[in-house]
Amino acid sequence: MPDKLKSPVKAALVVIGDEILSGRTKDANTATLALWLNEQGVRLDEVRVVPDVTERIVAAVNECRSRFRYVFTTGGIGPTHDDITADAIAKAFDVPLVDHPEAVRLLEAHYPKGTLPKPAGAWPVSPKVAH
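Read in order, the letters of the sequence shown correspond to residues 1 to 131 in UniProt numbering.
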């Protein structure tokens with residue numbers, strides 16, 4: 001076994017989305033993240049799947065961060081009005097959402113000029129702790 005896999009560093013993953021829980025969307029992120037984390041010497045020790053409900057996201061993130069050094073989230077982020085993940089993470093950490101100029105730059109570089117989705121509300125933003 002490689003030395004990296006013996007690391008005591010553990011992480012949790014909170015998978016967010018009604019579409020995962022209903023079976024409409026298959027979660028492909030957990031296995032990918034687990035493999036990558038193992039390569040970095042971090043063991044994914046717990047995975048939770050929660051619905052698109054702010055209070056449930058906040059509770060899951062706060063419970064996981066009280067027990068793990070690293071907590072990752074997947075799902076629930078996108079350009080639609082019903083994506084609440086960024087707000088929920090900001091609430092869990094009691095920090096504001098802030099503009100994320102680097103994300104804007106990356107998106108503008110990816111999308112042809114004039115085709116970047118412009119959803120209702122401020123986007124892209126992230127909780128201040130995510131910078």
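Ideal placement from N, C-alpha and C gives every residue a C-beta, glycine not left out.
- When you compare each of Val50, Thr25, Thr54 and Lys10 to Gln40 by their alpha carbons, which one comes out closest? Lys10
- So which of Lys26, Leu13 and Thr115 has the shortest CA-CA distance to Trp36? Leu13
- Query: Opposite residue 138 in the DSSP bridges: which residues?
  - Reply: Nothing can be reported for residue 138: it is not among the residues displayed for the chain, which extend from 1 to 131.
- Item | Alpha-carbon to alpha-carbon, Thr54 and Tyr18 | First, the residue type needs correcting, since residue 18 is Asp and not Tyr in the sequence shown. Between Asp18 and Thr54, the C-alpha separation is close to 12 angstroms.
- Report yes if the C-beta distance between Ile57 and Thr74 is below 9 angstroms; otherwise report no. no
- Query: Expressed to the nearest angstrom, what Euclidean distance is found between the alpha-carbon atoms of residue 216 and Val15?
  - Reply: Residue coverage of the chain in this structure runs from 1 to 131, which leaves residue 216 outside it and unanswerable.
- Message: I'd like to check one pair, Ala92 with Val65: are the Cβ atoms closer than 9 angstroms?
- Response: The amino acid occupying residue 65 in the given sequence is Arg; Val does not appear at that position. Yes, they are a contact pair.
- Query: Buried or exposed: which applies to Gly76, given that a residue is buried once 16 or more other Cβ atoms fall within 10 Å of its Cβ?
  - Reply: buried
- Would you report the Cα separation of Lys113 and Arg67, rounded to the nearest angstrom? If I take the Cα positions, the gap works out to 44 angstroms.
- Message: Just to confirm my understanding: we take Val71, look at its own chain, exclude 5 residues before and 5 after, and list those with CB closer than 8 angstroms. What are they?
- Response: Apart from the 5 residues on each side of it in sequence, Val71 sits with its Cβ closer than 8 angstroms to the Cβ of Ala11, Ala12, Leu13, Val14, Val61, Cys64 and Arg65 in its chain, given in chain order.
- Message: I'd like the list of long-range same chain contacts for Leu33, defined as Cβ closer than 8 angstroms, with 5 residues on each side in sequence excluded.
- Response: Leu13, Leu44, Phe72 and Thr74
- Message: Rounding to the nearest angstrom, what Cα-Cα distance links Leu116 and Leu107 in this structure?
- Response: 7 angstroms
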